[in-house]
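For what it's worth, the numbering used here labels the leading residue of the sequence shown as 14, then goes sequentially.
Down below is the structure, laid out as structure tokens.
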Amino acid sequence: MLNHLHVSGTHYSCGLQIGRACADSLRALLAEDRAAPPHGLRWDDLRHAAAPFLAATECHFPWLVEEIRGAAEGAGVDFLDLFVSGVEELYTTPALAASGRCSDFAACAPATADGHVLLGHNNDLAPETLPHLVAVMWDLPDQPRMFTVGVGGLYISIGVNAARLALTGNELQPNDDRPGVPRLLLARALLAARTFDEALAVALHPDRASSYNNLISSADGRMVCAEASATDYELLWPEAGWLVHTNHYVHPRMRRYERAPEKIAGSVSRYERARQLMEDRPGPVTLDMLRGFLSDHVGSPTPLCRHEGASQTVFSALIDLTAGTVDAAAGNPCASEFQRVAEL
């Protein structure tokens with residue numbers, strides 16, 4: 014079962030509550046980052062390199078910086094150190110591209126019998142990350158209520174807000190990273206949106222440092238994969254009412270941004286299997302069907318439900334965005350019980 018937390022108040026106050034509740038996790042994750050800076054650099058080098066990322070975030074999303082300041086205070090860690098740990102662009106290496114991360118299914122009318130918007134997400138990370146995953150319900154005076162799941166409570170993998178907008182998606186390894194607003198923080202900023210178009214604009218922010226494949230969905234039946242890099246993007250829209258995505262660039266024009274194309278075979282295998290499952294499904298998409306897809310083991314050693322290797326399935330989510338419900342399971346979906354974790 015995932016750890017749960019409810020926070021409310023100002024952005025700083027919410028960060029403070031997360032920092033206090035998740036102090037052990039945030040300290041452990043920060044210690045791990047400090048112990049092994051990439052590229053042969055020192056930790057102080059990363060602190061210095063983070064300056065333009067911090068400046069961009071303070072310029073465009075000052076409230077995000079306040080959340081991190083609060084979390085640092087609550088956890089008793091240095092603010093800049095905690096910010097650096099959220100700048101994935103500073104850690105990117107071709108070797109990291111070999112590890113699978115996430116697999117996504119999304120369906121709307123006409124693929125669902127009742128027209129509901131249904132999402133299924135597997136999150137693959139290092140297995141030692143599992144104890145540090147936290148589900149957070151956020152109540153802020155200036156943003157829609159939202160529910161998120163992420164590492165240490167602060168850095169978000171998926172989320173749904175009360176405007177019935179959802180963010181799922183997949184890590185990519187673009188080769189054009191640059192100083193700007195870190196993609197991990199843009200994921201949080203996206204969930205402050207009240208409309209689909211506003212969320213998409215955040216995902217494609219012109220001052221982004223990099224990007225995930227952000228799978229944005231709304232309860233009115235709109236969904237898109239915003240498959241982006243730092244400097245370019247393409248939009249993948251549903252075909253026959255569904256989308257799937259994994260951890261590589263799918264759009265032909267975006268493939269030139271793949272940092273390590275020789276390392277994406279596992280992601281391609283999962284993507285092709287996900288497409289096959291959707292194309293060959295026995296009827297309209299349901300949440301039970303999506304759970305079965307997330308539990309699929311075809312394609313070893315990198316199936317959709319991963320049990321071995323440096324990256325394994327650490328949590329799964331089933332979202333009925335029309336109903337505003339989120340069910341989640343810690344660990345592998347094939348062996349874990351899904352529980353209702355949010356209603357928005």
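For each residue, glycine too, the CB sits at the ideal point set by N, CA and C.
Per-residue burial, residue i [other beta carbons within 10 Å of its own, 16 or more giving buried]
{"i": "THR315", "result": "buried"}
{"i": "GLU275", "result": "exposed"}
{"i": "THR142", "result": "buried"}
{"i": "PRO219", "result": "exposed"}
{"i": "SER38", "result": "buried"}
{"i": "GLU80", "result": "buried"}
{"i": "CYS238", "result": "buried"}
{"i": "GLU45", "result": "exposed"}
{"i": "ASP127", "result": "exposed"}
{"i": "ALA287", "result": "buried"}
{"i": "ALA212", "result": "buried"}
Residue closest to residue i, alpha-carbon to alpha-carbon, out of the options
{"i": "PRO123", "options": "ALA34, PRO251, ASN260", "result": "PRO251"}
{"i": "ALA205", "options": "ARG191, GLN186, ILE171", "result": "ILE171"}
{"i": "ARG114", "options": "LEU29, ALA355, CYS318", "result": "CYS318"}
{"i": "GLY99", "options": "ALA212, ARG177, ALA222", "result": "ALA222"}
{"i": "SER21", "options": "THR161, MET150, ALA176, VAL298", "result": "MET150"}
{"i": "HIS134", "options": "SER324, SER308, ARG60, ALA68", "result": "SER308"}
{"i": "PHE96", "options": "PRO187, GLU184, ARG40, THR125", "result": "ARG40"}
{"i": "SER26", "options": "LEU42, ALA84, ALA68, LEU59", "result": "ALA84"}
{"i": "LEU18", "options": "GLY166, PRO51, PRO140, ALA119", "result": "GLY166"}
{"i": "ARG191", "options": "TRP255, LEU303, ASP245", "result": "ASP245"}
CA-to-CA distance, residue j to residue i, given in whole angstroms
{"i": "ASN226", "j": "GLY89", "result": "33 angstroms"}
{"i": "MET267", "j": "SER116", "result": "19 angstroms"}
{"i": "ASP57", "j": "ALA64", "result": "11 angstroms"}
{"i": "LEU103", "j": "MET159", "result": "28 angstroms"}
{"i": "ARG283", "j": "LEU248", "result": "20 angstroms"}
{"i": "ALA111", "j": "ILE277", "result": "Caution is warranted here: a pLDDT of 47 is assigned to ALA111, below 50, making its placement in the model unreliable, and the coordinate value is therefore given only provisionally. Taking the straight line joining both Cα atoms gives about 6 angstroms."}
{"i": "LEU132", "j": "GLU240", "result": "18 angstroms"}
{"i": "PRO154", "j": "HIS24", "result": "9 angstroms"}
{"i": "SER242", "j": "ASP189", "result": "7 angstroms"}
{"i": "ASP91", "j": "LEU198", "result": "18 angstroms"}
{"i": "LEU357", "j": "LEU331", "result": "14 angstroms"}
{"i": "ARG207", "j": "GLY53", "result": "42 angstroms"}
{"i": "ASP301", "j": "HIS61", "result": "48 angstroms"}
{"i": "GLY163", "j": "ARG294", "result": "31 angstroms"}
{"i": "ALA343", "j": "HIS145", "result": "11 angstroms"}
{"i": "ASN345", "j": "LEU15", "result": "12 angstroms"}
{"i": "GLY32", "j": "GLU86", "result": "7 angstroms"}
{"i": "LEU42", "j": "ASP152", "result": "25 angstroms"}
{"i": "ASP94", "j": "LEU67", "result": "11 angstroms"}
Residues bridged to residue i (per DSSP)
{"i": "PRO187", "result": "GLU271"}
{"i": "GLY163", "result": "VAL147, ILE169"}
{"i": "THR181", "result": "LEU228"}
{"i": "THR23", "result": "Bridge partners of THR23: none, in fact."}
{"i": "HIS134", "result": "ASP117, ALA330"}
{"i": "HIS17", "result": "ALA148"}
Min CB distance residue i to chain C below 8 angstroms
{"i": "ALA336", "result": "No chain C appears in the structure shown, which is made up of a single protein chain."}
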